[in-house]
Structures are given as structure tokens and as C-alpha cells.
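Here the working numbering = 1-based position in the sequence shown + 11.
Just so you know, even glycine gets a beta-carbon here, dropped at the ideal spot from N, CA and C.
Keep in mind that this is a model prediction, so the values were computed, not measured.
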Amino acid sequence: MIKKLDHIAIAVRNIETASKFYTEHLGLSIAKIEEVPTEKVRVAFIQVGDIWIELLEPTAEDSPISKFLDKRGEGLHHLCLQTHDIQESITNLHQHGVRMLDESPRIGAKGTQVAFVHPKANAGVLTELVQYPEGESH
Numbered sequence: 012m013i014k015k016l017d018h019i020a021i022a023v024r025n026i027e028t029a030s031k032f033y034t035e036h037l038g039l040s041i042a043k044i045e046e047v048p049t050e051k052v053r054v055a056f057i058q059v060g061d062i063w064i065e066l067l068e069p070t071a072e073d074s075p076i077s078k079f080l081d082k083r084g085e086g087l088h089h090l091c092l093q094t095h096d097i098q099e100s101i102t103n104l105h106q107h108g109v110r111m112l113d114e115s116p117r118i119g120a121k122g123t124q125v126a127f128v129h130p131k132a133n134a135g136v137l138t139e140l141v142q143y144p145e146g147e148s149h
């Protein structure tokens, strides 16, 4: 079961440059920057109410974010929906014939479990599902 919109992820070439819009012009602050080595990405977390904006910066040429930037340039990368039970959500989507990029959850930032829905299943929008470790939330 989906709980809420968790975050909006934006692919950027440089977190420090891109974050100035949010920090200098909107008065927001970066709560944390974390590197996710398995995804070859640095992530800056900016809270806006109970939703987060994540700025995604590649850490390697072969990073999925680097490939995205080469093809599309900076901009919206994905939407993320928080779920109570990621495996149940994946199973439900499979039962409805929804095309997935991940057949099972994998580890994401902050020790979460994540899985991605293929963009063709959602009007061209890459959609992430996330489940936080028990007792934690974003």
C-alpha cells in the first residue's frame, strides 16, 4: 500500500551549483549529502514540508545518472512513492502486468529498500518505490 509521495529526484551535473537555487533563492537548506556507491551517485536531500527534493550527481562516467545527463540533460529524473511493504507493492504491480526495472528490492540511500517501475508503465515517468527500515521514515 502506498503511503505518500516521498521525494522528487532531479539529475544534476554538480550538487553545489544546482543547490544554490534552493538554498540562496528559496531559503531552503540541504539536510544531508550521501554517497550511494552501488548507484555511483551523490545525493543531496532538501526538505520541503513533508516531501523531499533529491539532487542526484553522478560519481562515475558509467553511472545511470551520468547516462541520463548525457541523453537528456539536467532535470526531473524520477518520482518516488513510499510504501509500507515494497515486496507486496512489486507483487501487486506484477499481477497487474506493470513492467518493472527491478524484480526485487535493492538497497538505496539511507538504508532503504527500493525498486523502480519502468517509465513506459507510467506515461514516461520513472517511478521509484521505497520502504524505510522499520521505525524510520523520510
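8 Å or more divides the Cβ of R53 from the Cβ of I41. Within the same chain, K51, S77 come within 7 Å of A71 by CB-CB distance, once the 5 residues on both sides are set aside. Residue burial annotation: L87 is exposed, with fewer than 16 other C-beta atoms found within 10 angstroms of its C-beta. The criterion of a C-beta distance shorter than 8 Å is not satisfied by A132 and R117.
Taking C-beta atoms under 8 Å as the contact rule, Q142 and I97 qualify, at a distance of about 4 Å. In this structure, the straight-line span from the alpha carbon of I57 to that of A20 is close to 10 Å. Contact check for T138 against L67 fails: the beta carbons are separated by 8 Å or more.
In the displayed model, K15 falls within a strand according to three-state DSSP. According to the DSSP assignment, R53 belongs to the beta strand (DSSP E) that extends over 52-59.
Non-local beta-carbon contacts of V128 in its own chain, meaning distances under 8 Å to residues more than five positions away in sequence, involve L104, V109, R110, M111, L112, L137, T138, E139, L140 in chain order. Contiguous alpha helix (DSSP H) elements confined to the segment 56-109 occur at 75-83, 97-106, taking only those with 4 or more residues.
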